[in-house]
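4 protein chains.
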Amino acid sequence: MEKQRQSFHDNSLYRILITAIAVAATFLVAIETTRFNSNYHHYIERLELIVFGLLVLDFVVNLFLGQPLKYMHKYLLSFEGAVDLVTSLPFFILLFDLEQFHFLKLILGIAAFLKIARFSDALTIFKDVIISERKSILASLYLMMLLTFAISTVLYFVEKDANPKGFSSILESMWWSVVTLATVGYGDVVPVTALGKLLGALASIVGLGMFALPAGILANGFAQELARIKYITSWNLVSKVPLFATLDRGTISEIARMLTVKRFSKNETIIKQGDIGDAMYFILEGEVEVVIADSDKIVQLKKGQFFGEIALLRDTKRTASVIAKRRCEMLELTSYELKHLIRSRPEIVSKIEKVANARFDLP
Amino acid sequence: MEKQRQSFHDNSLYRILITAIAVAATFLVAIETTRFNSNYHHYIERLELIVFGLLVLDFVVNLFLGQPLKYMHKYLLSFEGAVDLVTSLPFFILLFDLEQFHFLKLILGIAAFLKIARFSDALTIFKDVIISERKSILASLYLMMLLTFAISTVLYFVEKDANPKGFSSILESMWWSVVTLATVGYGDVVPVTALGKLLGALASIVGLGMFALPAGILANGFAQELARIKYITSWNLVSKVPLFATLDRGTISEIARMLTVKRFSKNETIIKQGDIGDAMYFILEGEVEVVIADSDKIVQLKKGQFFGEIALLRDTKRTASVIAKRRCEMLELTSYELKHLIRSRPEIVSKIEKVANARFDLP
Amino acid sequence: MEKQRQSFHDNSLYRILITAIAVAATFLVAIETTRFNSNYHHYIERLELIVFGLLVLDFVVNLFLGQPLKYMHKYLLSFEGAVDLVTSLPFFILLFDLEQFHFLKLILGIAAFLKIARFSDALTIFKDVIISERKSILASLYLMMLLTFAISTVLYFVEKDANPKGFSSILESMWWSVVTLATVGYGDVVPVTALGKLLGALASIVGLGMFALPAGILANGFAQELARIKYITSWNLVSKVPLFATLDRGTISEIARMLTVKRFSKNETIIKQGDIGDAMYFILEGEVEVVIADSDKIVQLKKGQFFGEIALLRDTKRTASVIAKRRCEMLELTSYELKHLIRSRPEIVSKIEKVANARFDLP
Amino acid sequence: MEKQRQSFHDNSLYRILITAIAVAATFLVAIETTRFNSNYHHYIERLELIVFGLLVLDFVVNLFLGQPLKYMHKYLLSFEGAVDLVTSLPFFILLFDLEQFHFLKLILGIAAFLKIARFSDALTIFKDVIISERKSILASLYLMMLLTFAISTVLYFVEKDANPKGFSSILESMWWSVVTLATVGYGDVVPVTALGKLLGALASIVGLGMFALPAGILANGFAQELARIKYITSWNLVSKVPLFATLDRGTISEIARMLTVKRFSKNETIIKQGDIGDAMYFILEGEVEVVIADSDKIVQLKKGQFFGEIALLRDTKRTASVIAKRRCEMLELTSYELKHLIRSRPEIVSKIEKVANARFDLP
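Protein chains in written order, with the numbering used here: chain A, 612 to 974; chain B, 612 to 974; chain C, 612 to 974; chain D, 612 to 974.
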């Protein structure tokens, strides 16, 4: 069931189309509220009918083709299904000209933007990070509120006589506090007494330190999660290379840490037959073609595969060319770094040599 | 003594109740200062009597039931006790209608918000981080002050003639400096000379770099402390698994780094009897039930325990189902990752096999 | 030479005094520029004479007693010496009533704040971090300027007709750009055209990402430097314990990572004679007294020393009490964690046991 | 081809000159738009002719001397070449007094600032980090837009009646949203209803957390990249020292982590002949001279070389002085730390001793 829908969402054209429709829907309802609408009302309404019609179409296709019919209710109860359902309602509001639901059309039009969320892996990681950092974020929100309450109460007493408009009550004072602590600083309310200014200055400084904390915590959590994912990916890539089969896990970890990301554009030559080889490559993303001159044999390598590993041991000439079939991301391991790494262990080098020889049927 | 109070605070209902009361107290005194009060004064006062009465009750209960009577003074001298005591005072100010202490009622009402602090573990970590980063934070505060003084003095000389209202003295100039350096930027004072604007622009840039530093330092310290706690927790969990008893500490560290957090909702099936197993789980939070079909035996597993470890070695069918009794947080270790990790050490695999066999009475 | 001055600066009273004098000097010249001065001019001048007199005294003492006389020129050419020298000048400006140097008195008064810098170790680390991250910071400053120039030029063309006051030239436009990109946002210049607002909104978003980068880079560099210092400190502490003499460096690293910072206040009991021991302690800061009941022998332990290591191996009763003589910071290593760590290596345990037995003259 | 141009760009004087010219061009066109221009138009135009003439010269020199003629098209199609080409156009606009291209002259004048980019290595790292973090940054931009749309729509409904000027349409409302969420806060539009203020306050808090995220992600990615580069550099430096040839890679990693950056100014003495040695040094940047008293032999050491390694083993006197020929950056390894590190492995110490003896022809 999930796979069926997945094949949908992996299609680039579908992604671009839905993203464009969602952006268009959002933009149309935003523009509908401007003066611009009075002049071009007719055109805007037509465009809205088309865009919201396409949203209805997407909903219907997803409903009936996205999964076997017996799982239809699961789709409708999922976040995706719910978004698809409600964003197809504006079409009917428009079609039957339901004036009383006009505000709903606006809100659901903006909500169409939520359809884009399903195409991003990074958002899933964001969600995980927010869930796992929820205690820290709640604690810093608590501290922010505590700070806001404290500052507001004090400033209320300090400023209420000299500045009755901005600090007429603790609630009014809170508006100033949040605007100051979050460093927005509209300037519609500003303390006027000397003590109020002193406390306001202190609050600005502490506020910046406290209100920027959640962003820092999230960014750190995010970086750690990405580092963990990258570590596991690199580790798995390196551990699959037969050459390294005899290495212990510590050495594999060290090798994994020495990989460098390289990017190649479409049709770029990564390895040229006849050159002296000095690095091997792991394919992170994309596809390459291994071409041998004067030979019809062309081998295709994909994500997760590797090539050029013989160069790590011997400074021989490359026996084939490797060309990027589309934009590729590679992890590069140079012989220079590997040689340093394993120099102190002659027994490992000889074992690796043995594996390499076996591969090429040498004695 | 501590345990008695702890049992109190671990009760979810008590936590929610106290949090609600504290928020209500804060909200009531904040609303009391608005115009809204003149119309509904009577109702607000009644609500305040009830809310502050409950705060008195909580204080009395904590005082007499929270610990053996002979430790009562310790409670009163603790931060918690002091907060409980002072936040029960507004009740008596209200009861005896002490007009002259009205401002105290407002302040202590806001202070009720402090009662929530005791329920958060994360705040303790925050406190530790602030204490251990105190030198760096003091140093950056010093640099901020230095920057503020320098900018204020220079801007005073540059702007005092053209802009006598905002820069009439170095003290006045400091108000502008802090508001600018902390990027609040009310706009009540703005440099008007060309040189003043140039220096103000430079100050904005340097200010953002300097005034955001403490938040960055705190966020980093916090992330490191959380990572340390997580590392020790994972390490302890992994090292308790009999299967891994023969592994050296380096390998256990590597395994601990490969754990992934998974979350399950109440009644969700984590493992289904008959499925092919490919992962084991450590319970971080929550409780699970191990159920074997056609058998009455139900085993309960709690925080710190683990299950499914046989799947790491053999691709056998699961011999029981495991269901989350409430919202659970698990650490998952997949056989795929473990197999890669220990592939290069056949002697370890055979040792683990031996332990596994012994567990199932196989030859 | 350096040592002589060091002994000065390590004296707490001297530090507090100089800090107070520097703050007072800064405060006095700041207040001298306010209206407050016209009423209390006489008192402020007297206070200034005293405070600046003390600054002269400090300079003279440092000059003649801070080092052997033949190194005097080195002191005068150092940053510290230069600050001491120039901050003693206002005294003479005051004394001889040199009206034409009044502005200099103000500036040098504020500069007195620089005297505090010498007491902070953290500032040295800051300086190191800024130097080693200088390339990244210069590169992000370059990007900021590039962004500022680009935005200013575009906004100049977009807004110059509709908003001639704020965007009359590219230079004027830059003032708006920096104020916006650094998220200060005074509001004295605001784009009014639709395109200007769209570009301004984009600039705000990109600006926040770009202008907050240096703070993030500095905070990260600072955190790494602190982590490196902490790692070396912990490593050195652990490697000095005789019990661990037989461990290889990998295990010592692992142990060092498991240390937890604990703080004890003056006169607090860290270990109580007769309790079951379960942790050892390294003294990071402060001093402790080892007291054995019914014995006059009192041992003093200082920074860098350790105690309680026997508890890591045997669950025996503590043979002495240890009391904090002043505020202490300890690193705690619990037997629980250590036991897990070394469980898999029986040969290590037996070696440690042997060392422990030797220490207590057991067979 | 690349090498030829490289030799150009490595020349300090050329770098400074081009940087100065680029800054001058940017400054001149910025000043040309101010009132200042009306008075000094003649001088400004002359200066522009000179500065833009130099830009033409730089383009011509790069075009004909920067590479063999047959690669000229590659240069013209590169980013550098394109920048050089377009920034030489203003000269001809000036020369032939093409009034209709005046705006182009302004834009290309500002673009001259792009010429400086080629001199910075850090910018390349920035570009790499932005590319590898692109998914996270896109995801957070999506979340920002989602937040902006949601807040704008809600505030439009809440404020449109009470505040028709600032919230007349969803588009107008978005201007306020971005200005608030990015914490710029001009104050030209401010919510006036109680509900609008409450939602605005919440938006400020969430906005700061969300809009500061990209800066945090970039700063973290940047820090990790720098740490990886530093790790590989240190590792390579340490592994090249013959003394450490017998150490396994784990120990070399540990040593690499204990290196401290030290800086020396020109002509400073790093090691003084006759002193007791306690540290060795690796040259990160700069050049040193090894001088032996009463001997004419002077050895020059450069980036990547090392000296003083004997001091790590024996507390002998330094046999030569080492003086920094220009500003140097060194990595220092003290004998104190190394001794602790290898103390637990007597066999390593004896192996190192053997290498050291061989070096000095001792038995």
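All residues carry an ideal CB built from backbone N, CA and C; glycine is no exception.
DSSP puts LYS928 of chain A in a beta bridge; with which residues?
In the DSSP output, where bridge partners are listed per residue, LYS928 of chain A has A:ILE887.
Does LYS913 of chain A come out as helix, strand or coil in the three-state DSSP assignment?
Three-state DSSP puts LYS913 of chain A in a strand.
Roughly how far, in whole angstroms, is the beta-carbon of ILE816 of chain D from the beta-carbon of MET891 of chain A, given that I think they are within contact range, below 8 angstroms?
Taking a contact as a CB-CB distance under 8 angstroms, the pair ILE816 of chain D and MET891 of chain A does not count as one, their CB atoms being some 49 angstroms apart.
Listed in chain order, which residues of the segment 827-843 of chain A have Cβ atoms closer than 8 angstroms to some Cβ of chain B?
For the segment 827-843 of chain A, residues whose beta-carbon sits nearer than 8 angstroms to a beta-carbon of chain B comprise GLY827, ILE828, ALA830, ASN831, GLY832, GLN835, ARG839, TYR842 and ILE843.
Would you say VAL801 of chain D faces chain A, with C-beta separation under 8 angstroms as the test?
Under the 8 angstroms criterion on CB atoms, VAL801 of chain D is classed as interfacial with respect to chain A.
Would ASN878 of chain C count as contacting chain A if we go by Cβ distances under 8 angstroms?
Not closer than 8 angstroms to any Cβ of chain A, the Cβ of ASN878 of chain C fails to qualify, so no.
Write down the C-beta distance between ALA826 of chain B and GLY827 of chain A rounded to the nearest angstrom, noting that I regard them as a contact closer than 8 angstroms.
Yes, they are in contact, since the Cβ atoms of ALA826 of chain B and GLY827 of chain A sit about 6 angstroms apart, within 8 angstroms.
In terms of alpha-carbon separation, which member of B:PHE647, B:ASN673 and B:LEU639 lies closest to ARG657 of chain B?
For ARG657 of chain B, the closest of B:PHE647, B:ASN673 and B:LEU639 by C-alpha to C-alpha distance is B:LEU639.
Should the segment 838-857 of chain B be regarded as contacting the segment 914-929 of chain B, the criterion being three or more beta carbon pairs within less than 8 angstroms?
The segment 838-857 of chain B is in contact with the segment 914-929 of chain B.
Can you pull the chain A neighbours of SER731 of chain B, defined as C-beta to C-beta under 9 angstroms?
Taking the beta carbon of SER731 of chain B as reference, the chain A residues within 9 angstroms of it are LYS746, LEU749, ALA750 and TYR753, listed in sequence order.
Measuring only between beta-carbons, confirm whether ALA931 of chain C sits less than 8 angstroms from chain D.
It does not: the Cβ of ALA931 of chain C has no partner Cβ on chain D nearer than 8 angstroms.
What does TYR892 of chain A pair with, by DSSP beta-bridge criteria?
Under DSSP, TYR892 of chain A takes part in a beta bridge, and its partners are A:PHE918 and A:GLU943.
Closest Cα partner of TYR625 of chain A within the set A:ARG729, A:TYR767 and A:TRP786:
With distances taken between Cα atoms, TYR625 of chain A lies closest to A:ARG729.
Return the residue from the list A:VAL671, A:VAL803, A:ALA812 and A:GLN835 that minimises the CA-CA distance to VAL740 of chain A.
Of the candidates A:VAL671, A:VAL803, A:ALA812 and A:GLN835, the one whose C-alpha sits nearest the C-alpha of VAL740 of chain A is A:GLN835.
Any idea what DSSP makes of VAL872 of chain B, helix, strand or coil?
Strand.
Check whether GLN911 of chain C and GLU900 of chain C have beta carbons under 8 angstroms apart:
In terms of Cβ geometry, GLN911 of chain C and GLU900 of chain C form a close pair [threshold 8 angstroms].
Along chain A, in chain order, which residues have C-beta atoms closer than 7 angstroms to that of VAL793 of chain B?
Sequence inspection shows Ala at residue 793 of chain B; the Val mentioned does not correspond to that position. Per Cβ cutoff of 7 angstroms: THR794, SER815, ILE816 and LEU819.
Residues of chain A with a CB under 9 angstroms from the CB of LEU717 of chain B: which are they?
Chain A residues near LEU717 of chain B: THR764, TYR767, PHE768 and ILE781.
Own chain partners of GLU940 of chain C with C-beta closer than 7 angstroms, once the 5 adjacent residues on each side are dropped:
For GLU940 of chain C, where only same-chain residues beyond five positions count, the Cβ hits under 7 angstroms are VAL872, ARG874, LEU895, GLU896 and GLY897.
Please tell me whether SER743 of chain B has its Cβ less than 8 angstroms away from any Cβ of chain C.
Yes, SER743 of chain B counts as interfacial toward chain C.
Opening and closing residue of the alpha helix (DSSP H) in which GLU836 of chain C lies:
Counting along the chain, the unbroken alpha helix (DSSP H) around GLU836 of chain C starts and ends at 824-850.
Using a Cβ distance threshold of 8 angstroms, determine whether the segment 653-670 of chain A contacts the segment 628-645 of chain A, with at least three qualifying pairs required.
Yes, since at least three Cβ pairs between the segment 653-670 of chain A and the segment 628-645 of chain A fall closer than 8 angstroms, the two stretches touch.
Contact criterion: CB-CB distance below 8 angstroms. Does LEU890 of chain C meet it with respect to chain B?
Note that residue 890 of chain C is Ala in the sequence shown, not Leu. Answer no: the Cβ-Cβ gap between ALA890 of chain C and chain B never drops below 8 angstroms.
Could you tell me the alpha carbon to alpha carbon distance between LEU924 of chain B and ASP886 of chain B, rounded to whole angstroms?
Linking LEU924 of chain B to ASP886 of chain B through their CA atoms gives a straight-line distance of about 15 angstroms.
Kindly indicate if chain C contains any beta-carbon less than 8 angstroms away from that of TYR654 of chain D.
At a cut-off of 8 angstroms, the C-beta of TYR654 of chain D has no neighbouring C-beta in chain C.
Identify, in the order they occur along the chain, each residue of the same chain with its Cβ nearer than 7 angstroms to the Cβ of MET612 of chain A, setting aside the five sequence neighbours on each side.
Caution applies to MET612 of chain A, whose pLDDT of 44 falls short of 50 and renders its modelled position unreliable; the value that the coordinates give is listed next. The answer, listed in chain order, is GLN678, PRO679 and TYR682.
What's the gap between the Cα of LYS908 of chain D and the Cα of GLY888 of chain A?
Roughly 41 angstroms between the two C-alpha positions.
Determine the DSSP secondary structure at VAL662 of chain D, reduced to helix, strand or coil.
Three-state DSSP puts VAL662 of chain D in a helix.
Within 8 angstroms of any Cβ in chain D, is that where the Cβ of LYS738 of chain C sits?
So, not an interface residue.
To the nearest angstrom, how far is the alpha carbon of THR644 of chain B from that of LEU782 of chain A?
Computed Cα separation, rounded: 8 angstroms.
Please tell me whether LEU734 of chain C has its Cβ less than 8 angstroms away from any Cβ of chain B.
Closer than 8 angstroms: yes.
Local conformation of ASP972 of chain B per DSSP, three classes:
Low confidence applies here, because ASP972 of chain B scores a pLDDT of 44, under 50, leaving its location unreliable and the question unanswered by this model.
Between the beta-carbon of ILE866 of chain B and the beta-carbon of ALA935 of chain B, is there less than 8 angstroms?
No, they are not a contact pair.
Once DSSP output is grouped into helix, strand and coil, what is the label at GLU656 of chain D?
Helix.
Which residue's Cα is closest to the Cα of SER845 of chain D: A:MET869, A:SER864, A:ILE863 and A:VAL769?
Among A:MET869, A:SER864, A:ILE863 and A:VAL769, the Cα nearest to that of SER845 of chain D belongs to A:MET869.
Beta-carbon separation (whole angstroms), VAL800 of chain B vs GLY777 of chain B, contact threshold 8 angstroms:
Confirmed, Cβ separation roughly 3 angstroms.
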